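1 is the number of the first residue of the sequence shown in full-length UniProt numbering; add one for each residue after it.
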Amino acid sequence: MASKDGYSWTKADGLRPGIPCIGAIQPPSNVKDVQEYDVIVVGAGYSGLTAARDASVAGLKVLLLEARDRIGGRSWSSNIEGYPYEMGGTWVYWGQATVWREIARYGMQDDLEISYDFSRGINKFLLASAHGTQDFTHEQEDALMESALCKLVNIDGTHGRDTIPYPHSGILNPQARKYDYVSVADRLAEIKHQLTPNERLCAEAFILLCSGATLETTSFYEFLHWWALCGYSYEGCINHLVKYKFKGGQSSFAIRFFGEALASGNLSYAFNQPVASVKDSSSGVAVTTRTGQTFKARRMISAMPLNVLADVKFEPPLSKGREAAAKTGHVNQTVKVHAEISDRDLRSFTGISYPHNNLIYGFGDGETPKGNTHVVAFGGQHNHFHPEDSIERTIEAFKGFAPMNVERVVFHNWSRDEFAKGAWFFSAPGLLADHLKDMRDRHGNIFFSCSDWALGWRSFIDGAIEEGGRAAAAVRADLLGRAKI
Ligand code: FAD
């Protein structure tokens, strides 16, 4: 099966939209008769899938509506010639308790592999700047990164521990609130005399890898929050952010959630059904899709991302706070691109190419069935570009790390995706301090569930699952007349 999403390019085939995906669902709908559901879940990303699964397994009649032809939302993989390329969310770690609970639920602990392989090839960290390329061992890379980031986050003498003592709490203490109004650019200006030129390059590139924004539009608090979640260390960041991925790709994980929900016998679903409007009243919720079909339920879970919430008409309108948050949106415009390259020695490279290059961060991420190297690379709002507009430019950006012979390019453009309008959540200064609670609040019979406003691993698959579980439990308690959650 193939999805309409994503692009692939080879010299022989040129640029092609749409790539194979095991998460594309056929038939696209199993809705047979008109009925009133207990709950309609809008969005089949991890948050919506978790909500739909938990609610249907608990015995509620669920309708899952999804705009795309596939499950997974911002986390999905494509298998090309038997090899999975991750278009969005990829890496998981046992320190992410919610996602790990699900990996254990589906017995997938042995379905993971490590992205890096430093056992052969050039085994180097390449730091390319406007002044040329320097090379380092990976041990030197770690030392450089650790030193740069520790200087950046050491606002309290404890590397952020006193400022964010409870990374899974939604309450921002006064110190944390203060730093949410500060951008990373502001913080870098404060410590500019403490950083060596290489430390500065590494710190900036790493932060932009995390936020997909610019230094000015990256909240320093949100970066500190990631740092705290990762155990307040650079080694923790590497382990949590880029270590383990699924051998079969993310879609092999997502399909388990969908399959379990279906097996409950309580799940109806319809794909290719973008929701246009939602009307809430004392008798329940009426959800109308762009094709003009209206579905009714006692409750609704909106599992759509922050950046597209304003595209759906809600009646009564969203609260002023949620409306303001949706209007502001998050700032992550990450460009994630894969290349299959014939240079086998680059399997063990990591690289930064900054600030001149279109792709900032890249590394060897696997070996394809042909024995070629798979390189994954990231750009963002800094020097932003759309890969499909010029494959030549995209290939040049890969060569900004090291000379390489690119045979294939695969990607999904999240910036032009009308159902995401950006990559993972990352906030500009002030958004969380002003609106985190607004984004999480219930609105009449509608519950809002998304990784974008999770308390713990906000921006991650883990956070999406945290949110889906919260929403399903809240709907269930509400329908049973139990205390509000
Ligand atoms: P989404 O996945 O966005 O799901 C929302 C769903 O709502 C989508 O399916 C969308 O199509 C649907 N929708 C939108 N509008 C409508 C509408 N009008 N009607 C009906 N349906 C609609 N996380 C990690 O943990 N590890 C990583 O390595 C990682 N890397 C990432 C790399 C990239 C490039 C990206 C983009 C994300 C990455 N993430 C990563 C983040 C992770 O993918 C997301 O946080 C998570 O998948 C979000 O899940 P969600 O269900 O909250 O939202």
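Glycine included, C-beta positions come from ideal geometry on N, C-alpha and C. Keep in mind the model is a prediction, meaning the values are calculated, not measured.
**Where alanine 91 falls: helix, strand or coil (DSSP)** = Inspection of the sequence shows that residue 91 is occupied by tryptophan rather than by alanine. Three-state DSSP puts tryptophan 91 in coil, outside helix and strand.
**Asked** Between the segment 448-457 and the segment 467-474, do three or more beta carbon pairs fall short of 8 Å?
**Response** yes
**Message:** Within 8 Å, do at least three Cβ pairs link the segment 314-324 to the segment 333-352?
**Reply:** no
**Message:** Taking 6 Å as the cut-off, is the C-beta of tryptophan 414 nearer than that to any heavy atom in ligand 1?
**Reply:** yes
**Prompt:** Taking the alpha carbon of asparagine 405 as the point to measure from, which residue in Trp414, Leu346 and Gln381 has its own alpha carbon closest?
**Reply:** Leu346
**Request:** Just grab the DSSP bridge partners of histidine 374 for me.
**Result:** Glu340 and Gly366
**Cβ-heavy atom distance, isoleucine 391 to ligand 1, below 6 Å** = no
**Under the three-state DSSP convention, the category tryptophan 9 falls into** = strand
**Item:** Residue burial classification, histidine 225 (beta-carbon count within 10 angstroms, cutoff 16)
**Value:** buried
**Asked** Less than 6 Å between the CB of proline 305 and some heavy atom of ligand 1, yes or no?
**Response** yes
**Prompt:** Quick one: what does DSSP say tyrosine 232 is sitting in, helix, strand or coil?
**Reply:** coil
**Asked** Hey, quick one: how far does the alpha helix (DSSP H) through lysine 399 stretch, first residue to last?
**Response** 391-399
**Item:** Inter-residue CB distance, serine 268 and glutamate 216 (contact presumed, cutoff 8 Å)
**Value:** Actually they are not in contact, since the Cβ atoms of serine 268 and glutamate 216 sit about 46 Å apart, beyond 8 Å.
**Asked** Which value, in whole angstroms, describes the spacing of the CA atoms of arginine 74 and lysine 437?
**Response** 23 Å
**Request:** Compute the beta-carbon to beta-carbon distance between residue 487 and valine 57, rounded to the nearest angstrom, for a pair I have assumed lies under 8 Å.
**Result:** Outside the displayed span of the chain (1 to 485) sits residue 487, for which this structure offers no information.
**Message:** Suppose you measure from the CA of valine 99 to the CA of glycine 82; what does that come to, to the nearest Å?
**Reply:** 25 Å
**Item:** Exposure label - proline 387; buried when at least 16 CB within 10 Å
**Value:** buried
**Message:** Assuming valine 475 is part of the alpha helix (DSSP H), what are its boundary residues?
**Reply:** 461-479
**Asked** Roughly how many angstroms lie between the CA atoms of glutamine 293 and alanine 270, to the nearest whole one?
**Response** 11 Å
**Item:** Given glycine 43 as reference, the closest of Gln35, Tyr37, Ala52 and Glu36 once Cα atoms are compared
**Value:** Ala52
**Asked** From asparagine 173 to histidine 356, what does the alpha carbon distance come to, in whole angstroms?
**Response** 38 Å
**Request:** Name the one or two DSSP bridge partners that serine 449 has.
**Result:** DSSP output for serine 449 lists no bridge partner at all.
**Message:** Going by C-alpha to C-alpha distance, which of Asn198, Thr158 and Gly481 sits closest to glutamine 134?
**Reply:** Asn198
**Request:** Would you check if the segment 388-398 and the segment 233-246 touch, i.e. whether three or more CB-CB distances between them fall below 8 Å?
**Result:** no
**Residue range of the beta strand (DSSP E) that includes arginine 299** = 294-302
**Asked** Within 6 Å: the Cβ of arginine 458 and any heavy atom of ligand 1?
**Response** no
**Asked** Can you tell me where the alpha helix (DSSP H) with glutamine 134 in it begins and where it stops?
**Response** Taken as a continuous stretch (DSSP letters only), glutamine 134 belongs to no alpha helix (DSSP H), being part of the beta strand (DSSP E) at 132-136.
**Prompt:** When burial is assigned at 16 or more other CB atoms within 10 Å of the CB, is isoleucine 485 buried or exposed?
**Reply:** Legend: pLDDT at isoleucine 485 = 47, less than 50; position of this residue unreliable, value from coordinates given subsequently. Label assigned to isoleucine 485: exposed.
**Request:** With a threshold of 6 Å, establish whether the CB of cysteine 450 neighbours any heavy atom of ligand 1.
**Result:** yes
**Message:** Between the segment 351-368 and the segment 414-425, can you find at least three pairs of beta-carbon atoms closer than 8 Å?
**Reply:** no
**Message:** Comparing C-alpha positions only, which one of Ser8, Ala2, Tyr354 and Ser219 sits nearest to proline 28?
**Reply:** Ala2
**Message:** In the DSSP assignment, the alpha helix (DSSP H) including serine 78 goes from what residue to what residue?
**Reply:** Here serine 78 belongs to no alpha helix (DSSP H); instead the beta strand (DSSP E) covers 77-80.
**Asked** Taking the DSSP output, what are the residues bridged to aspartate 280?
**Response** Val285
**Prompt:** For ligand 1, is there a heavy atom less than 6 Å away from the beta-carbon of glycine 43?
**Reply:** yes
**Asked** Hey, how far is the Cα of phenylalanine 206 from the Cα of lysine 279?
**Response** 43 Å
**Request:** Taking arginine 256 as part of the beta strand (DSSP E), name the residues at either end of that continuous run.
**Result:** Not the beta strand (DSSP E): arginine 256 falls in the alpha helix (DSSP H), residues 251-263.
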